[in-house]
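Colleague: Going down the list, the protein sequences come from chains L and G.
Under our numbering, the residue at position 281 of the first sequence is numbered 281, and the numbers go up by one with no gaps.
Under our numbering, the residue at position 275 of the second sequence is numbered 275, and the numbers go up by one with no gaps.
Every residue gets a Cβ at the ideal spot worked out from N, C-alpha and C, and that includes glycine.
Protein chains: 2
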Amino acid sequence: MIRTRFADLETPKLLLSEPVFERNLARMRDRAAALGVALRPHMKTAKSIMAAQRVGAERITVSTLKEAEYFAAAGFKDILYAIGIAPGKLAHAASIRRRGVDLTLILDSPEAATAAAAAARDLDQSLPFLIEIDSDGHRAGVRPDDPMLIEIAARLDPTWSPLRGVMTHAGGSYDCRTPAALIAMAEQERQAVVRSAERLRDAGHPAPVVSVGSTPTALSARELNGVTELRAGVYMMFDLVMAGLGVCTLEDIALSVLTTVIGHQTSKNWIIVDAGWMALSRDHGTAAQDLDQGYGLVCTEDGEVLHDLIVVSANQEHGVIARRDGGPLGPDAYPLGARLRILPNHACATAAQHDAYQLLDAHGEIRAVWPRMNGW
Amino acid sequence: MIRTRFADLETPKLLLSEPVFERNLARMRDRAAALGVALRPHMKTAKSIMAAQRVGAERITVSTLKEAEYFAAAGFKDILYAIGIAPGKLAHAASIRRRGVDLTLILDSPEAATAAAAAARDLDQSLPFLIEIDSDGHRAGVRPDDPMLIEIAARLDPTWSPLRGVMTHAGGSYDCRTPAALIAMAEQERQAVVRSAERLRDAGHPAPVVSVGSTPTALSARELNGVTELRAGVYMMFDLVMAGLGVCTLEDIALSVLTTVIGHQTSKNWIIVDAGWMALSRDHGTAAQDLDQGYGLVCTEDGEVLHDLIVVSANQEHGVIARRDGGPLGPDAYPLGARLRILPNHACATAAQHDAYQLLDAHGEIRAVWPRMNGW
Chain L
1 MIRTRFADLE TPKLLLSEPV FERNLARMRD RAAALGVALR PHMKTAKSIM
51 AAQRVGAERI TVSTLKEAEY FAAAGFKDIL YAIGIAPGKL AHAASIRRRG
101 VDLTLILDSP EAATAAAAAA RDLDQSLPFL IEIDSDGHRA GVRPDDPMLI
151 EIAARLDPTW SPLRGVMTHA GGSYDCRTPA ALIAMAEQER QAVVRSAERL
201 RDAGHPAPVV SVGSTPTALS ARELNGVTEL RAGVYMMFDL VMAGLGVCTL
251 EDIALSVLTT VIGHQTSKNW IIVDAGWMAL SRDHGTAAQD LDQGYGLVCT
301 EDGEVLHDLI VVSANQEHGV IARRDGGPLG PDAYPLGARL RILPNHACAT
351 AAQHDAYQLL DAHGEIRAVW PRMNGW
Chain G
1 MIRTRFADLE TPKLLLSEPV FERNLARMRD RAAALGVALR PHMKTAKSIM
51 AAQRVGAERI TVSTLKEAEY FAAAGFKDIL YAIGIAPGKL AHAASIRRRG
101 VDLTLILDSP EAATAAAAAA RDLDQSLPFL IEIDSDGHRA GVRPDDPMLI
151 EIAARLDPTW SPLRGVMTHA GGSYDCRTPA ALIAMAEQER QAVVRSAERL
201 RDAGHPAPVV SVGSTPTALS ARELNGVTEL RAGVYMMFDL VMAGLGVCTL
251 EDIALSVLTT VIGHQTSKNW IIVDAGWMAL SRDHGTAAQD LDQGYGLVCT
301 EDGEVLHDLI VVSANQEHGV IARRDGGPLG PDAYPLGARL RILPNHACAT
351 AAQHDAYQLL DAHGEIRAVW PRMNGW
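(1) Name the DSSP bridge partner or partners of G:Arg339?
(2) In three-state terms, what does DSSP make of G:Gln265?
(3) Give a yes or no on whether the C-beta atoms belonging to G:Leu127 and G:Ala72 are separated by under 8 Å.
(4) Roughly how many angstroms lie between the CA atoms of G:His386 and G:Arg54, to the nearest whole one?
(5) Kindly say whether G:Arg40, judged by its beta-carbon, lies nearer than 8 Å to any beta-carbon of chain L.
(6) When you compare each of G:Leu306, G:Leu280, G:Pro344 and G:Val261 to L:Gly384 by their alpha carbons, which one comes out closest?
(7) Can you tell me where the alpha helix (DSSP H) with G:Phe71 in it begins and where it stops?
(8) On the DSSP bridge assignment, give the partners of L:His42 in chain order.
(9) What residues in the region 312-337 of chain L bring their beta carbon closer than 9 Å to a beta carbon of chain G?
(10) Quick one: is L:Pro267 buried, meaning 16 or more other Cβ sit within 10 Å of its Cβ, or exposed?
(11) Quick one: what does DSSP say G:Ile183 is sitting in, helix, strand or coil?
(12) With burial defined as no fewer than 16 other Cβ atoms inside 10 Å of the residue's Cβ, what is the status of G:Glu365: buried or exposed?
(13) Where does G:Ala82 sit, in a helix, a strand or coil, going by DSSP?
(14) Can at least three beta-carbon pairs, one atom from the region 42-56 of chain G and one from the region 358-374 of chain G, be found at a separation below 8 Å?
(15) Who are L:Pro371's beta bridge partners in DSSP?
(16) At a CB distance below 7 Å, what residues from the region 54-71 of chain L approach chain G? Give them in sequence order.
(17) Using the three-state DSSP reduction, which class does L:Leu224 fall into: helix, strand or coil?
(18) Using beta-carbon positions only, say whether G:Leu200 and G:Leu149 come within less than 8 Å of one another.
(19) Run the CB neighbour count on L:Leu16, radius 10 Å, all protein chains shown included, and call it buried at 16 or more, exposed below.
(20) Between L:Glu348 and chain G, is there a C-beta pair that is closer than 8 Å?
(21) Flag L:Ile342 as yes if its beta-carbon sits less than 8 Å from any beta-carbon of chain G, otherwise no.
(22) Within the continuous beta strand (DSSP E) that includes G:His307, where are the two ends?
(23) Are the C-beta atoms of G:Pro87 and some chain L residue less than 8 Å apart?
(24) From G:Ala52, G:Leu90 and G:Leu65, pick the residue whose C-alpha is nearest to that of G:Phe76; which is it?
(25) Which value, in whole angstroms, describes the spacing of the CA atoms of G:Val212 and L:Ala314?
(26) Considering L:Phe129, what are the terminal residues of the beta strand (DSSP E) in which it resides?
(27) Compile a chain-ordered list of the residues in the region 269-290 of chain G whose CB is closer than 8 Å to at least one CB of chain L.
(28) Helix or strand or just coil, what does DSSP make of G:Gly171?
(29) With H, G and I counted as helix, E and B as strand and the rest as coil, what does DSSP make of G:Asp157?
(30) By the 7 Å beta-carbon criterion, what residues does the region 156-171 of chain L contribute toward chain G?
(31) Quick check on L:Val101: does DSSP put it in helix, strand or coil?
(32) Determine the direct distance from the alpha carbon of G:Pro158 to that of G:Pro147, and round the result to whole angstroms.
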């Protein structure tokens with residue numbers, strides 16, 4: 001990948017501010033230390049070896065087996081694959097463990113536990129597991145008080161599919177609307193896994209790992225007693241959804257998309273730019289928040305936020321920028337060829353549309369190009 | 001890329017039905033022939049050389065300069081880049097023309113025309129242009145009756161930035177709700193470019209190319225008198241938005257995402273699968289139609305449509321499938337490890353999340369793996 005000058009970048013391009021990224025990493029490191037838990041960063045947002053090396057964690061979380069292989073090849077050997085394993089992927093997971101990677105898997109049903117124990121024996125390769133706990137009713141996992149929790153543990157084989165503990169993801173935190181609600185959600189998340197681990201131990205099963213994770217709850221938890229590790233990913237970049245939740249400011253958003261003005265519809269007070277949904281993603285996560293940011297909040301080329309301008313609509317390679325009130329933009333404010341930056345609603349979704357980060361230093365110049373991976 | 005058996009595909013995977021794809025190609029070829037216009041297929045959906053070779057067109061349309069280079073390297077030499085050119089990309093475009101590709105560009109303002117003529121002279125490389133016409137008020141382009149149309153033509157240089165004609169994209173057709181509205185929109189699109197070409201010719205400017213294009217209008221136009229070429233892309237794959245518009249049936253959708261059941265939330269009547277928004281995209285284009293298909297309509301592994309099941313929510317690597325009415329799914333209907341297919345809302349967006357198509361023959365077996373490109 002050729003490094004070019006910032007002024008010569010062909011748009012659209014994905015920018016990552018190095019000072020903001022580093023500050024975000026330090027904030028979560030400090031947070032985990034203050035809470036007395038190990039940090040296991042989730043690489044599903046960054047998906048970049050160079051970013052992971054900056055994070056500096058010995059243990060990481062991934063969202064696909066391809067991610068596990070990608071990071072393992074770069075030397076990361078303690079990896080949690082934090083999506084319920086499909087039975088058809090157990091052989092793939094075993095092949096990764098066989099290469100010396102301590103890959104941990106998750107599951108949330110007796111059927112999955114039976115399949116896992118049988119597969120591990122057949123493959124002659126042990127596969128360690130966490131049981132996924134449902135702490136907020138938003139997605140997968142078994143409820144902490146469900147009798148199925150103990151049944152799952154009983155179906156795992158201590159030799160071939162050893163139980164390592166429990167994990168949960170309080171994705172419901174994305175729907176919280178106040179700091180108090182976030183604090184309560186973090187405590188609910190903590191109690192769900194601590195209670196689950198206690199039930200397992202009371203039934204004679206090991207549960208050394210008690211893992212929680214979501215950026216909003218990680219930054220809101222008052223204490224994490226009984227928890228051993230914290231997973232989070234979007235905190236490295238932050239985004240408009242996180243700012244809308246109040247867990248970061250706009251100045252904490254390290255990720256943006258550089259774009260160029262390619263035209264205007266003067267009668268409509270529209271600026272047309274070359275960043276459409278292909279560059280920004282179709283994520284409209286702020287639509288449900290108090291301040292709808294459209295498909296992104298607009299900044300100057302240098303990153304100064306233009307609070308009144310958002311991407312009001314997006315086609316594949318066209319973005320339409322307008323004032324929130326639809327009013328006039330002022331004469332010659334954003335002429336043909338001018339460049340702007342767009343802050344993303346959802347860092348994971350926007351980054352996934354690109355194959356590299358242009359890493360910008362404190363002076364706004366390109367310091368490095370960090371490739372990123374996608375796919376399965 | 002290793003070809004595997006269909007039964008052994010690791011999910012999620014992007015599937016393309018070869019017989020349906022071929023039928024869709026033939027339909028649009030026949031349509032263009034019947035309308036008496038040349039077909040210039042838009043490769044922004046397929047983004048695959050192997051797909052483009054099946055289309056068999058001598059001329060193509062692209063949505064990025066990287067696409068132009070990708071297809072040029074495979075022998076496509078007559079290419080329209082159908083996004084208003086940013087001044088900063090003119091040198092890149094010139095470098096592509098210098099390699100023997102007849103690349104045509106578009107613009108829609110006097111400022112862009114001045115910049116283009118100057119750049120072409122400076123670069124010592126002629127750059128031919130179409131003027132983009134706004135036929136429906138939905139995005140870019142100059143209105144057919146705008147005095148600016150003639151000013152743009154006057155600012156182009158017949159030697160360095162020759163005018164080749166006009167083009168429009170009636171993206172407003174996606175908002176039509178009846179066949180009559182689609183027919184009217186196609187006629188509005190036709191009249192806009194024919195009128196614009198006439199005005200240019202009356203003012204002494206050449207306009208041999210009169211180009212229209214959108215899949216819904218292409219399939220709805222009663223006649224295209226005065227039009228010389230037709231651009232369309234999504235017709236190769238079709239999708240739920242097109243089916244909702246009535247321009248195709250569900251059986252015409254060639255694209256789907258293969259996924260695996262990784263869990264259940266029985267009390268909620270949810271099936272959890274391993275295709276989230278990363279595999280399906282965040283496009284929810286059917287939300288504004290009569291039948292909201294969520295993040296996709298569910299089919300059996302073999303492609304039989306399960307009309308009652310949709311993806312009701314999507315996280316990064318999790319999809320939640322439920323009945324439209326939220327009702328119970330029946331005992332053991334979709335057990336752990338079962339595979340399903342998801343029909344996409346928007347083929348362009350879903351395909352963009354993947355790096356290859358698994359091409360399935362009439363028997364549902366994998367016939368080839370077609371790589372696809374992304375990015376800029």
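Modeller: So, from the data block:
(1) Looking at the DSSP output, G:Arg339 bridges to G:Thr260.
(2) If DSSP states are grouped into helix, strand and coil, G:Gln265 belongs with the strands.
(3) No. Outside cutoff.
(4) Look at the range of chain G in this structure, 1 to 376, and you will see that residue 386 of chain G is not part of it.
(5) Among the CB atoms of chain L, none fall inside 8 Å of the CB of G:Arg40.
(6) Any property of residue 384 of chain L remains undetermined from this structure, which presents chain L solely from 1 to 376.
(7) Note, G:Phe71: alpha helix (DSSP H), Leu65 to Ala73.
(8) Beta-bridge pairing by DSSP links L:His42 to L:Thr61.
(9) Answer in chain order: Ser313, Asn315, Gln316, Glu317, His318, Val320, Pro335, Leu336 and Gly337.
(10) Note on identity: in this sequence residue 267 of chain L is Ser, with Pro being the wrong assignment. With fewer than 16 other Cβ atoms within 10 Å, it is exposed.
(11) Three-state DSSP puts G:Ile183 in a helix.
(12) Result: exposed.
(13) Three-state DSSP puts G:Ala82 in coil, outside helix and strand.
(14) Touching, per the Cβ criterion.
(15) When beta bridges are read from the DSSP output, L:Pro371 appears opposite L:Ala356.
(16) Of all residues in the region 54-71 of chain L, Ser63 and Thr64 have a Cβ within less than 7 Å of some Cβ in chain G.
(17) In the three-state DSSP reduction, L:Leu224 falls in the coil class, being neither helix nor strand.
(18) Yes, these two residues count as a Cβ contact at 8 Å.
(19) That one is buried.
(20) Looking at the sequence shown, residue 348 of chain L is not Glu but Cys. Under the Cβ criterion of 8 Å, L:Cys348 is counted among the residues facing chain G.
(21) No, no contact with chain G.
(22) G:His307 -> beta strand (DSSP E) spans Val305 to Ala314.
(23) By this cut-off, G:Pro87 is an interface position.
(24) The shortest C-alpha to C-alpha distance from G:Phe76 to any of G:Ala52, G:Leu90 and G:Leu65 is the one to G:Ala52.
(25) The alpha-carbon atoms of G:Val212 and L:Ala314 are separated by roughly 21 Å.
(26) Secondary structure note for L:Phe129: its beta strand (DSSP E) is the uninterrupted segment Phe129 to Ile133.
(27) Against chain L - using a Cβ distance shorter than 8 Å - the residues of the region 269-290 of chain G are Ile272, Asp274, Trp277, Met278, Ala279, Ser281, Arg282, Asp283 and His284.
(28) Helix.
(29) DSSP places G:Asp157 in coil when its eight states are reduced to three.
(30) Flagged, chain order: Gly171.
(31) DSSP places L:Val101 in coil when its eight states are reduced to three.
(32) Going by the C-alpha atoms only, they are around 20 Å apart.
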